[in-house]
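Throughout, my numbering is defined as the position within the sequence shown, counted from one, plus 30. Glycine included, every Cβ here is placed at the ideal spot set by N, Cα and C. Quick caveat, the model's predicted, so the values are computed rather than measured.
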Amino acid sequence: AGRFRHGEVALTAVPGSGADTPVWIFGSSKGQSAQVAGARGLPFVANYHVSPSTVLEAVEAYRSAFVPSPGLAEPYVVVSADVVVASDDATARHRALTYGHWVYGIRSGAGAQPYLDPDTAPPLWADAAPLVEDRVRTQFVGAPDTVADGLRTLARVTGADELVVTSITHDFAQRVQSHRLLARAWGLVPR
Numbered sequence: 031a032g033r034f035r036h037g038e039v040a041l042t043a044v045p046g047s048g049a050d051t052p053v054w055i056f057g058s059s060k061g062q063s064a065q066v067a068g069a070r071g072l073p074f075v076a077n078y079h080v081s082p083s084t085v086l087e088a089v090e091a092y093r094s095a096f097v098p099s100p101g102l103a104e105p106y107v108v109v110s111a112d113v114v115v116a117s118d119d120a121t122a123r124h125r126a127l128t129y130g131h132w133v134y135g136i137r138s139g140a141g142a143q144p145y146l147d148p149d150t151a152p153p154l155w156a157d158a159a160p161l162v163e164d165r166v167r168t169q170f171v172g173a174p175d176t177v178a179d180g181l182r183t184l185a186r187v188t189g190a191d192e193l194v195v196t197s198i199t200h201d202f203a204q205r206v207q208s209h210r211l212l213a214r215a216w217g218l219v220p221r
């Protein structure tokens, strides 16, 4: 493990060299990633946080293409989501205000930019809104139970075996708090 070859191209994965590292395939559509993951009997991570409108067709394509493998007898689906959790809905919405700015940087080709402070950032300009609306609309933002309920719905609708979440905020402590509050609401730690 850790050394791969495709034709004349050799690759050594570090620090995975010598480790029994599982392979997961990430994808955002019903295309090649979903097909390869299914055909090889690998777990599939459907990138809802990247392409929310195609997550269901990506999961369906993976499940349809799935062939059992020595490592996986049945399809295993993980779905990703962006979340911002705070003690109340208003605080969470405020912390998520500049998410659209960040997504715009990626989608416009400028690349991921530092996440702006919602207390000092200008509003998202009108021309940018259509490019980011789907991502802003499908981000899970709110109080702990609000977000946990939304994520449970996402898991049920997609048939996800697991969810992977990211919290993108300007302040690191707020990201940590977001994960802690969600873990508590999800029942991973005592309330």
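Residue environment for Gly130: buried (at least 16 other C-beta atoms within 10 angstroms of its C-beta).
A straight line joining the alpha-carbon of Glu87 with that of Gly61 spans about 9 Å. By the criterion of at least three beta-carbon pairs nearer than 8 Å, the region 193-210 is in contact with the region 105-123. Excluding sequence positions up to five before and after Gly71, its CB lies within less than 6 Å of the CB of Val97, Pro98, Ser99, Leu102, all in the same chain and listed in chain order.
Taking a cut-off of 8 Å for Cβ pairs, the region 145-160 and the region 181-192 do not touch, as fewer than three such pairs fall below it. In this structure, the CA atom of Arg123 is about 6 Å from the CA atom of Gly172.
Leaving aside the five residues that flank Leu127 on each side, the residues in its chain whose CB is nearer than 8 Å to its CB run, in chain order, Pro148, Ala151.
Per the Cβ contact rule, the region 74-83 is in contact with the region 51-61 (3 or more Cβ pairs under 8 Å). By the neighbour-count criterion, in which 16 or more other beta carbons inside 10 Å mark a residue as buried, Thr199 falls on the buried side. At least 9 Å separates the beta-carbon of Ala40 from that of Thr51.
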